[in-house]
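Novice: Sending over a structure as structure tokens; questions will come in a sec.
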Amino acid sequence: MAARQPQFSPKQIAAAMEVSESSVKRWCDKGTIPVVKTAGGHRRITLDALQAFVCANDRCLLRPELLGLPQLSPQRTTRIEGHDDPLNQRFRDALADGDETCCRELLAKKIGMGATRSEAAESLITDAMHGFGEAWDCNALDVYQERRGCDIAMRLIYELRSEIPEPSSSAPVAIGGAPEGDPYQLPTMLVELALREVGWNATSLGNDLPMESFVQAAHDYDPQMVWMSISSVSEPGMFVAAQNKLAESLGEDVPLLIGGRALSDKLRPRLHYTAHCDSLRHLVELAAMMRLDRRT
428 MAARQPQFSP
438 KQIAAAMEVS
448 ESSVKRWCDK
458 GTIPVVKTAG
468 GHRRITLDAL
478 QAFVCANDRC
488 LLRPELLGLP
498 QLSPQRTTRI
508 EGHDDPLNQR
518 FRDALADGDE
528 TCCRELLAKK
538 IGMGATRSEA
548 AESLITDAMH
558 GFGEAWDCNA
568 LDVYQERRGC
578 DIAMRLIYEL
588 RSEIPEPSSS
598 APVAIGGAPE
608 GDPYQLPTML
618 VELALREVGW
628 NATSLGNDLP
638 MESFVQAAHD
648 YDPQMVWMSI
658 SSVSEPGMFV
668 AAQNKLAESL
678 GEDVPLLIGG
688 RALSDKLRPR
698 LHYTAHCDSL
708 RHLVELAAMM
718 RLDRRT
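First residue of the sequence shown? That's 428 in the numbering used here, and the numbers climb one at a time after it.
Written out as structure tokens, the structure is:
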């Protein structure tokens, strides 16, 4: 037996659309919204009739939760904006749909076209996740879709990393991560991938790390370089003080490379560091030169 469709009163529809009840009743009486009548003669609107009306008249339910409906329609078509390269668009679409296999194939295609693993990941994954953020802000994506996309992206980066041979015992050591309060893990994972491609024994320490953890890791690893990916800063004053303390603890012999979208022109001059990298490619070029310098 088919499940009975939910039915709503004009008053309920009016509240969900944030229009007057009289407007909804007028649409019902004109036949713009098909109705069924109760035994007592009251108007009732089925879910199918409501969805047909919303689509045909370019309207939306501003408060669907009042009707017990999800925020986003399951029939929606989500287009994630970003780089206009068709390969990038296909990757964004696949990631939004949760199609991990397609994402993996598109990454492989990008690499087959001559990109390094980190270049392919930065081009496709970073572009997609920026688009996801904008779509989420605009209520075009649900939270679960954003989380699922992040999980797929992390698995793909791990797979790319596993394809790179383990560094030699003589490879220089680099460690890094994202500071406390920074929820973004993908940028520091991309740095680890890129550095391993150019011969560093690089380890990402993760995100949301207290500055004391950076200091402890530097003591434990005895690295030849430390990086910090900074995508979000909630308390600039506290962050500057902690970051400068880290730079001081590393001394002059351990380069500290920083980068990330949160490093504004106002914040950056207050920090102590060896080099600011405005892109992953810039960081890779610096790291490659530093590795050559160590050999000479």
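We treat Cβ as the ideally placed atom computed from N, Cα and C, and that holds for glycine. These figures come from a predicted structure and were not determined experimentally.
Taking 8 Å as the cut-off, does the stretch 585–595 touch the stretch 664–682 (at least 3 CB pairs, one atom from each stretch)?
Specialist: Counting Cβ pairs under 8 Å, fewer than three are found: no touch.
Novice: Under a three-way DSSP split, which group does Thr615 fall into?
Specialist: In the structure shown, Thr615 sits in a helix (DSSP, three-state: H, G or I).
Novice: Who are the near neighbours of Phe559 in its chain, counting only those whose CB is closer than 7 Å to its CB and skipping five residues on each side?
Specialist: The answer, listed in chain order, is Ile507, Leu568, Glu573, Gly576.
Novice: On the premise that Met665 lies in contact with Leu613, defined as a C-beta separation below 8 Å, what is that separation, rounded to the nearest angstrom?
Specialist: Incorrect: roughly 24 Å between the Cβ atoms, too far for contact.
Novice: Does DSSP put Trp654 in a helix, in a strand, or in coil?
Specialist: strand
Novice: Please name the residue, chosen from Arg688, Lys438, Phe480, that lies closest to Lys457 on a Cα-to-Cα basis.
Specialist: For Lys457, the nearest C-alpha among the options comes from Phe480.
Novice: Use the C-beta contact count for Leu647: other C-beta atoms within 10 angstroms, 16 or more gives buried, fewer gives exposed.
Specialist: The sequence shown places Asp at residue 647, rather than the Leu named in the question. Asp647 should be labelled exposed.
Novice: Below 8 Å on the Cβ atoms is my contact criterion, and I expect Met444 with Leu514 to pass it. Report the Cβ-Cβ distance as a whole number of Å.
Specialist: Between Leu514 and Met444 the Cβ distance is about 40 Å, and since that is not below 8 Å, they are no contact.
Novice: Restricting to runs no shorter than 4 residues, where is the alpha helix (DSSP H) found entirely within the stretch 516–554?
Specialist: 527–539, 544–548
Novice: Where does the unbroken beta strand (DSSP E) through Asn628 begin, and where does it stop?
Specialist: 628–631
Novice: Check the C-beta distance from Leu583 over to Gly604 and give it rounded, since I have them as a contact under 8 Å.
Specialist: At roughly 20 Å, the Cβ-Cβ gap does not stay under 8 Å, so Leu583 and Gly604 are not in contact.
Novice: Opposite Gln434 in the DSSP bridges: which residues?
Specialist: Thr473
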